[in-house]
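Structure first, then comments.
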Amino acid sequence: MYGVIRNLLFRLPAEQAHNVALNGLDLAHRLGVLSAFSPKIDSLPVNVMGLDFPNPVGLAAGLDKNADHLDALGALGFGFIEVGTVTPLAQPGNPKPRMFRLLEHQAIINRMGFNNEGLDHLLARVDQRRYKGVLGINVGKNKDTPNDQSESDYRKGISAVYSRADYITVNVSSPNTPGLRDLQFGDSLKGLLEAIKDEQFQCEKEHGRYVPVAVKIAPDMDDDGIRFVASALRETGLDGVIATNTTISRDAVAGHAHADEAGGL
Ligand SMILES: Cc1cc2nc3c(=O)[nH]c(=O)nc-3n(C[C@H](O)[C@H](O)[C@H](O)COP(=O)(O)O)c2cc1C
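Counting in our numbering, the sequence shown tops out at residue 1506, every number present.
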């Protein structure tokens, strides 16, 4: 069954296939047939950041950027679902095509550019969910927000999602928002981490609940960069690190027709 559906979907451009697949999943869920295709998931509980996960395989950010498909994805048995990246305001992302299959490498290059419907839409969808599992919400900054004002976008994101999220991810590692990855280094990182911790502290006081915050990092860092990020995260007391986002390296796919497409592999 998987092979047949995959063959059909792979006749479509990658982004269209993505949308068709998710809408199909919603339909199957509404018709009540999804569980017939879902494997039985063994219980394999893990505790991370003080949260109980029923199993350690979750869905990473970017597949359901707007939290539009939470119930259907939840029915597949993931140990957690991370929605987003959501930015304060809706934005269209980069021009299409912006997602490329590299079949021989079982890989994708994407430069979506945080296409999303913004915080208000995501919150409304999260409020409608029936999904009861662990929910991570991944926040980012709008493309038009200059890096020296990025703190304000992250603060907005954290305070808006705080009461709904089991954990919050601060994404500073998409390769598709110009300059975003610069926030992973030097004083920019330290300043941002302090602002994040401060926002978390304010929200904890307001809501009477501690929601862990993790920072999502890029894989394209040298050893000194990794040491710097690690010590900055520990000094500021961030709860976790999500390793990693997509890579800008093309070593693994050199020579492929799409290898030179800009984006994350
Ligand atoms: C099409 C696509 C869109 C993505 N969008 C996001 C995103 O919005 N935010 C984010 O933090 N990561 C995003 N990612 C990165 C994934 O969450 C994940 O970190 C990355 O794909 C590496 O995990 P993998 O090796 O399991 O693919 C995206 C990845 C892909 C392929």
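Cβ atoms here follow ideal geometry from the backbone N, Cα and C, with glycine treated the same way.
Do you know how far the Cα of residue j is from the Cα of residue i?
| i | j | result |
| --- | --- | --- |
| Tyr1243 | Leu1249 | 10 Å |
| Arg1339 | Glu1256 | 8 Å |
| Glu1358 | Ile1437 | 23 Å |
| Gln1369 | His1497 | 43 Å |
| Val1413 | Arg1422 | 6 Å |
| Leu1506 | Lys1373 | 31 Å |
| Leu1266 | Leu1364 | 21 Å |
| Arg1271 | Arg1371 | 12 Å |
| Gln1425 | Thr1487 | 15 Å |
| Val1454 | Arg1475 | 13 Å |
| Ala1308 | Asp1463 | 34 Å |
| Gly1377 | Leu1430 | 22 Å |
| Tyr1408 | His1362 | 19 Å |
| Asp1480 | Arg1252 | 42 Å |
| Leu1433 | Gly1291 | 23 Å |
| Val1261 | Leu1343 | 19 Å |
Should residue i go down as buried or exposed, given a rule of 16 or more other Cβ atoms within 10 Å for buried?
| i | result |
| --- | --- |
| Asn1288 | exposed |
| Val1245 | exposed |
| Ala1495 | exposed |
| Lys1306 | buried |
| Lys1446 | exposed |
| His1448 | exposed |
| Ile1467 | exposed |
| Ser1490 | exposed |
| Gly1427 | exposed |
| Phe1355 | buried |
| Arg1450 | exposed |
| Glu1440 | buried |
At a cut-off of 8 Å, would you count residue i as near ligand 1, judging by its Cβ distance to the nearest heavy atom?
| i | result |
| --- | --- |
| Ile1467 | no |
| Gly1235 | Residue 1235 lies beyond the range of the chain shown here (1242 to 1506); nothing can be said about it. |
| Ile1184 | There is simply no residue 1184 to check, as the chain begins at 1242 and stops at 1506 in what is shown. |
| Gly1481 | no |
| Thr1485 | yes |
| Ile1409 | no |
| Asn1351 | yes |
| Leu1304 | yes |
| Ser1279 | no |
| Phe1355 | yes |
| Lys1384 | no |
| Met1340 | yes |
| Gly1359 | no |
Check for me: the beta strand (DSSP E) holding residue i runs from which residue to which?
| i | result |
| --- | --- |
| Asn1216 | Nothing can be reported for residue 1216, as the shown portion of the chain is limited to 1242 through 1506. |
| Asp1368 | Per DSSP, Asp1368 belongs to no beta strand (DSSP E); it is in the alpha helix (DSSP H), 1360-1369. |
| Asn1248 | Counting along the chain, Asn1248 falls outside any beta strand (DSSP E), though it belongs to the alpha helix (DSSP H) covering 1243-1250. |
| Gly1481 | 1481-1484 |
| Ile1282 | Here Ile1282 belongs to no beta strand (DSSP E), and DSSP marks it neither H nor E. |
| Asp1293 | 1292-1294 |
| Glu1323 | 1321-1327 |
| Arg1342 | 1340-1343 |
Give the C-beta separation of residue i and residue j to the nearest angstrom, bearing in mind that I take them to be a contact with Cβ-Cβ under 8 Å.
| i | j | result |
| --- | --- | --- |
| Val1327 | Tyr1403 | No, Val1327 and Tyr1403 are not in contact; Cβ-Cβ is about 13 Å, not under 8 Å. |
| Asp1394 | Pro1329 | 5 Å |
Would you kindly report the start and end of the unbroken alpha helix (DSSP H) that includes residue i?
| i | result |
| --- | --- |
| Lys1446 | 1427-1448 |
| Asn1260 | 1255-1271 |
| Lys1397 | 1391-1402 |
| Val1470 | 1464-1477 |
Can you find a CB in chain D that lies within less than 9 Å of the CB of residue i?
| i | result |
| --- | --- |
| Ile1322 | The structure shown contains no chain D; it holds only a single protein chain. |
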